[in-house]
Structure formats: structure tokens, C-alpha cells
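S.K.:
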Amino acid sequence: FSSLNAYSFAFAMCSFLAANQLITNLSFVNFFLQPRGPDVTTHMRLHGFDFVHNLLHMTGQRRPQPFVSSDGQILALFNGEIYNWRQLSREAEGRGLPAFTSDGEAILPTYQSAGES
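Sequential numbering of the sequence shown, starting at 1491, is according to this note's numbering.
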């Protein structure tokens, strides 16, 4: 890496915002977050909260966030990388769930299976 590439890489990651109060200039605030996740921006309002996620695509298929459980009660925003997501996918398939196509898809089914412990 040149020093410029290392610097760029060190700060490259997704960004997200969760707010429980109305932000009248949400687009303006997100303008400063988007460079950290330039591939897909998603905004969702759920249970009185605004969730904005800016994706920097790195593994698997592009999956917009937040991830929401089928009953709408659990929501996850994810910033990082799950290295063993393929293993978690195989385990989920063993429980009769569909295979994951990205690392972030592993979060909710794994949490629901393992519980809070």
C-alpha cells in the first residue's frame, strides 16, 4: 500500500445513523456519512426511530440494511465483517432456513437461534 491507499482503506467502512427524534435535515446530515458507504443508502422509519444505513459492499451480495426480523420486532444495523458467515449459513440451512448470501444476513437468524446469551 502507498500511504494514500492505506489511509483510504483505514477509513473505508459502512456508516449508519439511528435517531429517535425528528432530524429535519436528515439528508444534509447523511451527506457527511455517505462517503463511508457509497454503494447503497437505505432509510427506514420503524417504531418511532429513523434508521439510515450507507453500505460499503465488501462480501457476498449487496443487501440493504437495516435487517428486520419477519415479525418486525428485531432490527439490526451492521458495520463490519463476519468472517464465518458461510459456516453460519450452513448451520442455518441445517435448521431449515435459506442460505445466506452475505455476512450481514447471518445476524438476525443467528441471534434468534442462539438467544441473548
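All C-beta atoms, glycine included, are put in the ideal place defined by N, C-alpha and C.
Whose CA, out of Pro1554, Ile1564, Leu1587 and Pro1588, lies closest to the CA of Gly1594?
M.R.: Pro1554
S.K.: Determine the DSSP secondary structure at Ala1604, reduced to helix, strand or coil.
M.R.: Residue state, collapsed to three classes: helix.
S.K.: Compute the Euclidean distance between the alpha carbons of Phe1476 and Leu1565, then round it to the nearest angstrom.
M.R.: Any property of residue 1476 remains undetermined from this structure, which presents the chain solely from 1491 to 1607.
S.K.: For Tyr1497, which of helix, strand or coil comes out of DSSP?
M.R.: For Tyr1497, the predicted structure reports a pLDDT of 38, less than 50, and the residue's modelled location is therefore unreliable. A value from the coordinates is still provided. Helix at Tyr1497.
S.K.: Below 8 Å, how does it come out for the segment 1535 to 1543 and the segment 1587 to 1607: are there three or more Cβ pairs, yes or no?
M.R.: Contact between the segment 1535 to 1543 and the segment 1587 to 1607 is absent, with fewer than three C-beta pairs closer than 8 Å.
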